[in-house]
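Worksheet for the structure shown next.
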Amino acid sequence: MPARNAEVATVLGEIADLLEIEGDNLYRARAYRNAAHAVAALRPSIYGLVAEGASLHDLPDIDPELAMRIAEIVRTGSCPLLDRLHRELPEAITELLKVPGIGPKRVHQLYSKLGIRSLQDLHHAAQQGRVRSVPGFGALIERRVLEATSAHRARPRRWLRPHVLPVAESLTAYLSAMPEVEHALVAGSVRRGRDSVGDLDLVVSTFAASEVVERFGHHEDVQEVLSSGPARASVVLNTGLQVDLRAVDPSQLGAAWLYFTGSKAHNLALRRHAAAVGLKLDERGLHRGRRRIAGDTELSIYEALGLPLLAPELREDRGELEAARLNRLPLLVESEHLRGDLHIRSAALRAPGSIASLISAARSLGLDYLAIADAATPEGELPRIDADALARQADEVDRINASLQGFRLLKGVEVEILEDGRLALPDRLLARLDLVIGAVRTHFELSRPQQTDRLRRAMDNRHFTVLAHPTGRLIGERPGCDIDLQAVVRHAKARGCHLELDAQPSRLDLDDLGCQLAHDAGVLVSISSAASDAAGLRHLDAGILQARRGWLEPDDVLNTRSLEALTPLLRRTMV
DNA sequence: GCCGTTTTCGGCCCGACTGTTTTCAGTCG
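Take the position in the first sequence, starting the count at 1, then add 205; the result is the number in the working numbering.
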């Protein structure tokens with residue numbers, strides 16, 4: 206079965222892990238890790254590239270020989286090197302790397318000295334006190350291993366961003382309130398706007414680093430201090446969220462904030478760029494020889510490197526440095542650019558007074574229109590909407606519109622895309638609506654060709670306007686459907702349809718790479734909240750963040766259009 | 001295994017922190 210980019214990247218990453226554990230040439234392992242990153246950051250389907258015979262060694266960090274191996278992985282899911290590694294090392298051994306404090310060297314020791322092959326083996330060995338007998342281990346590491354392998358299953362590995370944001374705000378407020386602290390800032394993947402995060406990174410500037418770090422460890426929400434030094438601490442909160450704090454001298458704040466915002470790949474690329482122009486960048490500043498030439502702000506560092514300040518959302522080493530050098534960075538979309546929301550639930554129509562508060566909230570966000578679009582399923586658990594209900598709703602919308610000035614409700618529906626690609630409502634009904642949002646809600650298990658054809662056929666319906674949450678993923682719960690997103694995007698372009706970025710925190714679907722695909726194909730993205738009340742509109746900010754991570758500019762987004770400019774875009778001209 | 005505005009060979013980000021050592025290797029971000 207041909208593999209998706211993320212799957213190929215996973216295989217390359219596994220090869221890197223296994224090579225490191227084997228203890229061969231560490232730089233060879235790093236080469237595979239770099240290749241994994243390059244493939245993961247790739248927009249077009251790698252399977253498509255291989256099928257077209259395109260040369261993968263045009264990608265950064267990939268030479269002809271490695272390109273051939275990757276092509277083999279794409280076609281077969283494996284390669285001779287991986288097969289050899291699997292013969293020589295247990296399949297589950299890379300799991301051990303997930304235990305904090307255990308890296309490739311220690312995994313190698315555990316396997317060669319104790320024959321440990323899995324997390325379960327490791328847990329038992331630690332229980333029996335055998336781990337401390339291995340060279341390089343001691344009683345302390347053994348205790349940590351025991352704790353980690355017990356807690357490993359209980360602690361969620363990734364957190365949805367909205368669950369972490371309030372914690373970030375409260376902890377930065379706590380730190381800011383300390384008299385010794387000048388600034389307390391959020392860094393890491395939270396700042397980069399990732400949809401889910403593994404931990405929370407904070408940076409403070411202060412002249413009294415060790416006192417601040419010490420006091421932070423005594424915060425009432427801290428359950429455990431994992432490590433603590435004069436300039437940094439890692440703690441686990443009662444909720445299980447890990448928080449890393451760094452305290453730096455105020456003159457180093459920019460360098461530290463830049464460094465701890467990451468991503469790691471961006472940092473490495475930035476350091477390579479610095480080295481190429483004869484400078485050295487580290488977390489304390491930018492240096493020419495022994496002299497520090499920048500570092501108090503992020504801007505000072507980027508400027509000294511001859512680059513503009515890069516938005517944190519772009520810092521993923523996906524071509525942003527090259528774009529910056531060539532002055533081709535996108536002018537990213539912002540919340541203020543949105544003029545409407547094209548996917549609102551009708552619950553607001555039914556509850557007394559709530560449509561008024563929803564419209565008022567929308568107006569205060571600068572929006573001029575909302576589209577009501579409930580889920581219509583042939584037989585479903587969701588509030589079912591049929592022809593009569595839709596007609597009643599249309600009357601209600603007309604009545605409300607008549608009472609509004611400078612604001613408009615649009616009539617829409619979220620219609621189920623059936624297994625064969627037909628829509629679950631008749632055309633004569635769809636024809637009366639301002640927009641038709643098609644959604645996959647069942648049969649997630651279809652093969653990639655089937656699922657892709659299903660979406661393409663749905664878009665062939667001349668009333669189809671927007672494809673809702675294109676992959677159907679639920680972050681941390683359900684992976685997206687197996688679709689050829691590039692083919693879907695191309696078909697959307699050919700049919701004059703648009704793609705939705707559903708901004709609900711558990712969806713954020715399209716994802717960032719999907720947004721880039723849409724942009725590259727010239728397909729517009731509708732950033733929508735799927736809100737059923739005024740509070741739900743705040744999800745739009747998360748959608749904007751995701752769109753920015755996908756390099757989208759205002760013109761790439763459907764609902765940055767005024768109502769006048771939007772109307773013709775909702776009418777299909779290509780069938 | 002990749003890469004080249006000193007290099008086609010000899011580098012490959014680098015500093016903080018920890019634990020196990022007895023002066024430093026491993027891990028992490």
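From the three backbone atoms N, C-alpha and C, an ideal C-beta is built for every residue, glycine too.
Where the alpha helix (DSSP H) containing residue i begins and where it ends
i, result
"residue 253", "251-257"
"residue 278", "269-281"
"residue 497", "Careful: residue 497 lies outside any alpha helix (DSSP H), inside the beta strand (DSSP E) at 496-499."
"residue 317", "309-319"
"residue 664", "653-665"
"residue 423", "Premise fails: residue 423 is in no alpha helix (DSSP H) and is neither H nor E."
"residue 329", "324-332"
"residue 218", "210-227"
"residue 598", "592-607"
"residue 559", "559-569"
"residue 526", "525-530"
"residue 239", "231-245"
According to DSSP, residues forming a beta bridge with residue i
i, result
"residue 451", "408 and 437"
"residue 546", "575"
"residue 619", "580 and 642"
"residue 704", "672 and 730"
"residue 679", "683"
"residue 389", "409"
"residue 462", "In the DSSP output, where bridge partners are listed per residue, residue 462 has none listed."
"residue 262", "The partner list for residue 262 (beta bridge, DSSP) is empty, contrary to what the question assumes."
"residue 370", "DSSP lists no partner for residue 370."
"residue 761", "Paired residue(s): none; residue 761 is not in a bridge."
"residue 401", "365"
"residue 430", "440"
"residue 714", "707"
"residue 628", "622"
"residue 736", "549"
Integer-rounded CB distance, given that residue j should sit under 8 Å from residue i
i, j, result
"residue 414", "residue 389", "Going by Cβ atoms, the distance from residue 414 to residue 389 rounds to 13 Å, so no, they are not a contact pair."
"residue 706", "residue 741", "At roughly 15 Å, the Cβ-Cβ gap does not stay under 8 Å, so residue 706 and residue 741 are not in contact."
"residue 433", "residue 418", "6 Å"
"residue 521", "residue 471", "6 Å"
"residue 323", "residue 293", "Contact flag wrong, Cβ pair sits at about 16 Å."
"residue 561", "residue 642", "So it is not a contact: roughly 24 Å between Cβ atoms."
"residue 622", "residue 659", "6 Å"
"residue 686", "residue 656", "5 Å"
Top-ranked residue by Cα proximity to residue i, from the options
i, options, result
"residue 271", "208, 310 and 217", "217"
"residue 683", "647, 300 and 566", "647"
"residue 502", "490, 255 and 700", "490"
"residue 695", "644, 428 and 664", "664"
"residue 552", "771, 602, 401 and 232", "602"
"residue 548", "269, 634 and 615", "615"
"residue 456", "439, 411 and 441", "411"
"residue 681", "364, 652, 300 and 273", "364"
"residue 799", "398, 343, 339 and 381", "Residue coverage of the chain in this structure runs from 206 to 780, which leaves residue 799 outside it and unanswerable."
"residue 445", "351, 454 and 428", "428"
"residue 727", "700, 371 and 533", "700"
"residue 735", "729, 714 and 722", "714"
"residue 535", "407, 724 and 737", "724"
Residue range of the beta strand (DSSP E) that includes residue i
i, result
"residue 485", "485-487"
"residue 688", "From DSSP, residue 688 is part of no beta strand (DSSP E); its letter is neither H nor E."
"residue 750", "Careful: residue 750 lies outside any beta strand (DSSP E), inside the alpha helix (DSSP H) at 744-754."
"residue 478", "From DSSP, residue 478 is part of no beta strand (DSSP E) but of the alpha helix (DSSP H) over 469-481."
"residue 492", "490-493"
Alpha-carbon spacing of residue i relative to residue j, whole angstroms
i, j, result
"residue 763", "residue 752", "12 Å"
"residue 769", "residue 479", "48 Å"
"residue 586", "residue 627", "With a pLDDT of 43 at residue 586, under the threshold of 50, the modelled position of that residue is not reliable, and no figure is offered here."
"residue 525", "residue 554", "44 Å"
"residue 393", "residue 711", "20 Å"
"residue 235", "residue 267", "12 Å"
"residue 343", "residue 448", "26 Å"
"residue 238", "residue 405", "24 Å"
"residue 558", "residue 717", "36 Å"
"residue 670", "residue 636", "11 Å"
"residue 498", "residue 458", "14 Å"
"residue 452", "residue 563", "43 Å"
"residue 485", "residue 477", "9 Å"
"residue 214", "residue 242", "7 Å"
"residue 247", "residue 285", "24 Å"
"residue 569", "residue 575", "13 Å"
"residue 784", "residue 402", "Since the first residue of the chain shown is 206 and the last is 780, residue 784 is not available in this structure."
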